[in-house]
Amino acid sequence: DAGVIQSPRHEVTEMGQEVTLRCKPISGHNSLFWYRQTMMRGLELLIYFNNNVPIDDSGMPEDRFSAKMPNASFSTLKIQPSEPRDSAVYFCASSFSSSGSPLNQPQHFGDGTRLSIL
Amino acid sequence: RKEVEQDPGPFNVPEGATVAFNCTYSNSASQSFFWYRQDCRKEPKLLMSVYSSGNEDGRFTAQLNRASQYISLLIRDSKLSDSATYLCVVNRGYGGATNKLIFGTGTLLAVQP
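Line by line, the protein sequences give chains D and L. Counting from 1 along the first sequence, just add 1256 to a position and that's the residue number in my numbering. Counting from 1 along the second sequence, just add 132 to a position and that's the residue number in my numbering.
Below, the structure written as structure tokens:
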């Protein structure tokens, strides 16, 4: 079975440019998560969607970041304009959450996008 | 205070040693618990879930103490291939269909030959 697919794997761009990261969750999963990982701060949740609806975007650092999930099989995370401090590894993860179940399934991560803003 | 706290390590142990990692969490409403493993420059992967009664998977044993809000992972007979960062993860679900994992910053394990 295909796992979570992220693209691109690596991105190097100059500050001020728009960056778009893409994610295809595992088929059948109904929750999708965007994380950022740095040495200093570890793994941070940026935003997550359930059934394509954003549930919690409190982790989005500022207005330069936006995320969309137009359908169940695709999501984007956009940074505009990008800054050097945005350099990090960005992970997308997906899971299946059934309503009323307190013990939810663990999340499956993509390989990540290594982003470097010069 | 972070919601999930771990000793960052590194833990340097010889092959065959037994090593234990601890983790505390602050939100008493947390519903489920996991240990993830992350290899260098790779994505986190689920190692095992943690159940209230404790659970074992081969050389790995996980325990949960809800009263103390404490989770542990024990690795017996450690192998070189166990070298990785171990992430303590707490599911702070809001109930219903939501599902939000809070990750600790990880404990680095280096198993030496």
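We put the beta carbon where it would ideally sit given N, CA and C, even for glycine. Fair warning: this is a prediction, and the values are worked out from it, not measured in the lab.
If you ignore the 5 residues before and after Ser1372(D), its C-beta comes within less than 6 Å of the C-beta of Val1268, Ser1343, all in its own chain and listed in chain order. Contact between the stretch 164-171 of chain L and the stretch 213-221 of chain L is present: 3 or more CB-CB pairs across the two stretches fall below 8 Å.
Residue contact with chain D for Gly186(L): absent (no Cβ-Cβ distance below 8 Å to any residue of chain D). Within the stretch 150-215 of chain L, complete beta strand (DSSP E) segments of at least 3 residues are found at 151-157, 164-170, 177-182, 187-189, 192-197, 202-207, given in chain order. Taking 3 residues as the minimum length, the beta strand (DSSP E) runs contained wholly in the stretch 1303-1348 of chain D are 1309-1312, 1321-1327, 1330-1335, in order along the chain.
Put simply, of Ser213(L), Thr217(L), Lys232(L) the residue whose alpha carbon is nearest the alpha carbon of Glu147(L) is Ser213(L). With a threshold of 8 Å between beta carbons, Pro1264(D) makes no contact with chain L. Contact check for Ala199(L) against Gly186(L) fails: the beta carbons are separated by 8 Å or more. At a cut-off of 8 Å between C-beta atoms, Glu137(L) does not count as an interface residue with respect to chain D. Around the C-beta of Arg1292(D), 16 or more other C-beta atoms lie within 10 Å, and the residue is accordingly described as buried.
Counted as a single uninterrupted DSSP element, the beta strand (DSSP E) harbouring Ser1287(D) occupies residues 1287-1294. Under DSSP, Thr217(L) shares a beta bridge with Gln170(L), Leu240(L).
Leu1288(D) has a beta carbon lying at 8 Å or more from every beta carbon in chain L. In the structure shown, Phe235(L) falls within a strand segment according to DSSP collapsed to helix, strand and coil.
With a threshold of 16 other beta carbon atoms within 10 Å, Glu1274(D) falls short and is exposed. Cβ proximity to chain L below 9 Å picks out Arg1297, Gly1298, Leu1299, Glu1300, Leu1301, Tyr1304, Asn1306, Asn1307, Ile1311, Asp1312 from the stretch 1294-1319 of chain D.
Contact between the stretch 1318-1327 of chain D and the stretch 1259-1267 of chain D is absent, with fewer than three C-beta pairs closer than 8 Å. Relative to the Cα of Leu196(L), the nearest Cα in the group Thr239(L), Cys155(L), Asp209(L) belongs to Cys155(L). Under the Cβ criterion of 8 Å, Gly190(L) is not counted among the residues facing chain D.
The three-state secondary structure of Arg1370(D), taken from DSSP, is strand.
Sequence-distant Cβ neighbours of Ala242(L) in its own chain, meaning closer than 6 Å and more than five residues away, are Pro142, Asn144, Ser215.
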